[in-house]
Amino acid sequence: MLKHRVKLLKSIKGIGDRTAWQILSELHAEDGKSINSRAQIAHAGLAPRQFQSGSSVNGRPRICKTGNHRLRKALYMPAMSALRFNHQLSEFYHRLLSKGKLKMVALVAVMRKMLVLAIGILNNNAPFDEN
């Protein structure tokens, strides 16, 4: 059953064997259990968070780096690869850059989107459909 889930995750361009196994192990994805994507994104530390203290309320939101650093690390290189081979994620990345976002901010957004896609695939038990 796990090999089937790895095959489903590999249907996302940019995710290979090692990343698929890492995602499955870090998400504790059990068969038949639905995974809450918002909770897992926060757990991975990919959720934006507003840092403020006292009068300094005008700071930029940054990712909350608390949480599972292994999952963040596992998604970095696949996100870089997806920029080249996954047209939807590449479009998303370039759209963020055209809005004035920094390259790293846009890359983290791609990592977050890849995790959302992976969780959706695992919950629906269906491969990634580019359409």
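The numbering used here applies: residue 1 is where the sequence shown begins, and numbers increase by one.
A virtual CB, placed ideally from N, CA and C, is assigned to each residue, including glycine.
| Asked | Found |
| --- | --- |
| Distance CB(Asn124)-CB(Lys13) smaller than 9 Å | no |
| Arg84 and Glu26 closer than 9 Å at C-beta | no |
| First and last residue of the uninterrupted alpha helix (DSSP H) at Ala128 | Before going further, note that residue 128 is Phe rather than Ala in the sequence given. Premise fails: Phe128 is in no alpha helix (DSSP H) and is neither H nor E. |
| Those runs of the alpha helix (DSSP H) which lie wholly inside the region 98 to 129 and span at least 4 residues | 103 to 124 |
| Ala74 beta carbon less than 9 Å from that of Arg5 | no |
| Supposed contact pair Ala118 and Leu9 - C-beta distance, whole angstroms, cut 8 Å | 6 Å |
| Cβ separation of Leu96 and Ala106, assumed to be a contact under 8 Å, to the nearest whole Å | 4 Å |
| Beta-carbon spacing of Ala42, Arg72 below 9 Å | no |
| Cβ pair Ala47, Arg112 closer than 9 Å | yes |
| Start-to-end residues for the alpha helix (DSSP H) that takes in Lys7 | Leu2 to Leu9 |
| Residue burial classification, Pro78 (beta-carbon count within 10 angstroms, cutoff 16) | buried |
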